[in-house]
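Data first, discussion second: the structure below is written as structure tokens.
In UniProt numbering, the protein residues as written are 1 to 76.
Structural data, given as structure tokens:
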């Protein structure tokens with residue numbers, strides 16, 4: 001989920017919506033072959049990886065079941 005959000009932010013900040021129209025879609029809803037989408041999104045995937053790699057991470061243990069009211073949902 002975090003990786004998706006980082007990609008969305010990069011797309012938004014650099015006005016790349018036309019370049020990556022399928023970034024926020026689930027695979028099951030995309031009408032093209034996955035390999036085509038992967039090839040088109042390769043550069044964005046690299047940018048996302050670079051951004052994430054440069055960030056410090058803090059691991060937070062959330063011991064509840066995922067739901068709309070969970071601690072995880074609140075944190076996200």
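The beta carbon of each residue, even a glycine, is placed where N, CA and C say it ideally should be.
N-terminal and C-terminal residue of the alpha helix (DSSP H) that residue i is part of
i          : result
residue 49 : 34 to 53
Residue-chain proximity (residue i, chain C), Cβ-Cβ < 8 Å
i          : result
residue 70 : No chain C is present in this structure, which holds just one protein chain.
Helix, strand or coil at residue i according to DSSP, with G and I counted as helix
i          : result
residue 62 : coil
residue 75 : helix
residue 77 : What is shown of the chain runs 1 to 76, which leaves residue 77 out entirely.
residue 68 : coil
residue 8  : helix
Spatially closest choice to residue i from the options, by CA coordinates
i          : options        : result
residue 44 : 76, 61, 15     : 15
residue 61 : 71, 52, 55, 54 : 71
residue 4  : 56, 46, 35, 74 : 46
residue 37 : 52, 48, 53, 20 : 20
residue 9  : 59, 75, 51     : 51
(request) Please confirm if the stretch 36 to 51 is in contact with the stretch 62 to 70, defined as three or more CB-CB distances below 8 Å between the two stretches. (result) Taking a contact to require three or more Cβ pairs closer than 8 Å, the stretch 36 to 51 and the stretch 62 to 70 do not qualify as touching.
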